[in-house]
Amino acid sequence: PAWCDALVEEQDRWLVLGQGPERADRDPEGYSHELALTSIEDLLAAAEDSEPAPPGAVLMRRTRPTRLLAVVHDLERHPTVQPEWVGQALETIMRLVARAGMRGIALPILGGQSRSRDVETFAELLADALWSAGPARLRIALLAEPGLTGHIAATMRETIPDLHVETR
Numbered sequence: 011p012a013w014c015d016a017l018v019e020e021q022d023r024w025l026v027l028g029q030g031p032e033r034a035d036r037d038p039e040g041y042s043h044e045l046a047l048t049s050i051e052d053l054l055a056a057a058e059d060s061e062p063a064p065p066g067a068v069l070m071r072r073t074r075p076t077r078l079l080a081v082v083h084d085l086e087r088h089p090t091v092q093p094e095w096v097g098q099a100l101e102t103i104m105r106l107v108a109r110a111g112m113r114g115i116a117l118p119i120l121g122g123q124s125r126s127r128d129v130e131t132f133a134e135l136l137a138d139a140l141w142s143a144g145p146a147r148l149r150i151a152l153l154a155e156p157g158l159t160g161h162i163a164a165t166m167r168e169t170i171p172d173l174h175v176e177t178r
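The sequence shown maps to residues 11 to 178 in my numbering.
(1) Determine, using beta carbons only, whether Ile119 and Val129 come nearer to each other than 9 Å.
(2) My assumption, with CB atoms under 8 Å, is that Asp15 sits in contact with Thr90. Please give the rounded CB distance.
(3) Cα-Cα, which of Leu100, Ala163, Arg149 and Arg72 is closest to Gly121?
(4) Starting from the C-beta of Val18, find all residues in its chain whose C-beta is less than 7 Å away, skip the five residues before and the five after it, and write them out in chain order.
(5) Below 8 Å on the Cβ atoms is my contact criterion, and I expect Gly162 with Phe132 to pass it. Report the Cβ-Cβ distance as a whole number of Å.
(6) Let me make sure I understand the geometry here. Which of Arg149, Met166 and Leu148 has the alpha-carbon closest to that of Ala137?
(7) Looking only at C-alpha atoms, which of Leu140, Glu168 and Arg127 sits nearest to Leu158?
(8) Here's the rule: buried if 16 or more other CB atoms are within 10 angstroms of the residue's CB, otherwise exposed. What is Val68?
(9) By Cβ distance, which residues of its chain are closer than 7 Å to Val96, with the 5 residues on each side in sequence left out?
Structure (structure tokens):
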């Protein structure tokens, strides 16, 4: 939505998931420019020396809207996502949003699962992150199917009774 100051994207430790400039098919030179590299050889050498982001980290890309890359997957593990990583990423997102004075974010169900247990866990983790960060008047556009957003809203209302949640 136009009112969103930030778009949260699900990502893995090596930044190979998602649709952002990290992916060569969308912006082949975007990532190498960010790293101030000029050739594929430089990019490969930098990758060899780099460390992956830890699970639960959030990377910020200063675009419009701001892109927040939530590192919730580790493709070298099974399962690739853990609830504690999602919770840590959500807490970091809420702190960043509050510190930056953002008023609205677009947020997918982090973890990539639509099973009811995973959705319920996500809703509880989101409510906990909102409760601990306490951003004033934050609007969240949940990027999910309408039935799932209703379930998330109901779970969040149980966790934070005075929370105003709209579903459409």
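C-beta atoms are modelled at their ideal positions from N, C-alpha and C, and glycine is treated no differently.
Considering the structure as presented:
(1) yes
(2) That pair is no contact at about 29 Å.
(3) Leu100
(4) Leu78, Ala80, Ile103, Ile115, Ala116, Leu117 and Pro118
(5) A quick correction: the sequence has Ile, not Gly, at residue 162. 7 Å between Cβ atoms; contact.
(6) Met166
(7) Arg127
(8) buried
(9) Val82, Leu120, Gly121, Phe132 and Leu135
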